[in-house]
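Sequential numbering of the sequence shown, starting at 253, is according to this note's numbering. Only one structure is covered here, and it is reproduced in the block below.
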Amino acid sequence: MDLSREQLLDAYRYMRLIREFEERIHAEFATGEIPGFVHLYAGEEASAVAVCMNLGEPDYIASTHRGHGHCIAKGCEVRAMMKELYGRRGGLCGGKGGSMHIADMSKGMMGANGIVGGGPPLICGAALSAKILNTGGVAVTFFGDGGFNQGTTLEAMNLASAWKLPAVFVLEDNGYAESTASSWSIGGGDPIKRAAGFGLVGRAVEGHDFFATYQTARELIDYARAGNGPSFLHVKCTRFYGHFEGDACTYRGPGEVATARSERDCLKLFRDRVTTTGLLQLPQLDDIDSEVAALINSAVTEAKEAPPPESVALMTDVYSSY
Ligand SMILES: Cc1ncc(C[n+]2csc(CCOP(=O)(O)OP(=O)(O)O)c2C)c(N)n1
Ligand SMILES: [Mg+2]
253 MDLSREQLLD AYRYMRLIRE FEERIHAEFA TGEIPGFVHL YAGEEASAVA
303 VCMNLGEPDY IASTHRGHGH CIAKGCEVRA MMKELYGRRG GLCGGKGGSM
353 HIADMSKGMM GANGIVGGGP PLICGAALSA KILNTGGVAV TFFGDGGFNQ
403 GTTLEAMNLA SAWKLPAVFV LEDNGYAEST ASSWSIGGGD PIKRAAGFGL
453 VGRAVEGHDF FATYQTAREL IDYARAGNGP SFLHVKCTRF YGHFEGDACT
503 YRGPGEVATA RSERDCLKLF RDRVTTTGLL QLPQLDDIDS EVAALINSAV
553 TEAKEAPPPE SVALMTDVYS SY
């Protein structure tokens, strides 16, 4: 493991930031103040952070409807994200996009996406441009097990292979697409075999293990950066909340989430590993928890106090001029 202590602290800070963001949104959404639909990423933090810690300036990611974690991991500003969720002025997309349409091209974040399977075609464009312009960049798309069964994803994997693009396809398999179990819905059973059918190198990883996910993502991203073409990462993970806020979760087994929270919580496992090996000390991690809690608190207060977008904003960002 080539991570310095500073990088380990960063990894923990990002994962905690995502968790705190999501836990707070869970509580705030229940008050009715946040408009639209919200899908929480809590439980899956290690995937976004482990992948994005291997990315930098020239790299792009495309996300999903469950996109807060990807946005935070790629460096989107958290206060502006919070305003975006509340639909307020100063939001990352002017308060006009909301949870499912957060984007920040200046950070290489091509957008959360309300269209399941919308991300994979987008990264073919970003990866093609990186290849032609020789920027050294890599493009990564995250998608769920439901998104993995969309035609757009299969076409994008094929195109990336035919064009030998610096692209990485990250399947976040959290066990369900809405209420449909991925163990039932993925024809052929093994996602890696499907990706291999398109010529993609594939790896699988337990997504609650930050270290394994970081190392495996690193190999695949390095492979793309070196000009070897696209690859596929099957991240096995669990979401701690329902498909959307308000989901009664009747399709989940009794104790399923409680077991995941006690045995497969990426933050708990990270804390155990770095403290038992002496890489970091508990007070360092507790300090980060307090810093992050204060940041999220003030982000929520600011978002609630911010005014809505001005009415003239209705007419901006509608068309793009090239
Ligand atoms: C093209 C399209 N079809 C259907 C939907 C409705 N829909 C929204 S999320 C979702 C399930 C997605 O499941 P998955 O890809 O596993 O992601 P997860 O919610 O588990 O993160 C569906 C069917 C949609 N938004 N877009
Ligand atoms: Mg899913």
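We treat Cβ as the ideally placed atom computed from N, Cα and C, and that holds for glycine. Only a predicted model underlies this, so the values are computations on that prediction, with no experimental measurement involved.
query: Does ligand 2 have even one heavy atom less than 8 Å from the beta-carbon of Ala-429?
result: yes
message: Looking at the secondary structure, which residues open and close the alpha helix (DSSP H) in which Asp-541 lies?
response: 534–557
- prompt: Can we count Gln-402 as close to ligand 1, meaning its CB is less than 8 Å from some heavy atom?
  reply: yes
- prompt: On the three-state DSSP scale, how would you describe Thr-316?
  reply: coil
field: Ranges of the beta strand (DSSP E) found wholly within the stretch 411–459, counting only runs of at least 3
entry: 419–425, 453–458
query: Ala-391 lies in the alpha helix (DSSP H); which residues open and close that run?
result: No alpha helix (DSSP H) contains Ala-391, which is instead part of the beta strand (DSSP E) from 391–396.
message: Can you tell me whether His-495 is helix, strand or coil according to DSSP?
response: coil
message: Here's a check: name, in chain order, each residue in its chain whose Cβ is nearer than 7 Å to the Cβ of Ala-469, leaving out the five neighbours to either side.
response: Ala-302, Val-303, Asn-306, Leu-485
- request: Please determine if the stretch 422–432 and the stretch 480–494 are in contact, where contact requires at least 3 C-beta pairs separated by less than 8 Å.
  value: yes
task: Please report how far the alpha carbon of Glu-297 lies from the alpha carbon of His-291, in whole angstroms.
output: 14 Å
- prompt: What are the complete alpha helix (DSSP H) segments, minimum 4 residues, inside the stretch 353–407?
  reply: 371–385
- prompt: What are the residues that DSSP puts in a beta bridge with Val-487?
  reply: Glu-424, Val-457
message: Out of His-320, Ser-437, Ala-433, Ser-299, which one is the CA nearest neighbour of Ala-263?
response: Ser-299
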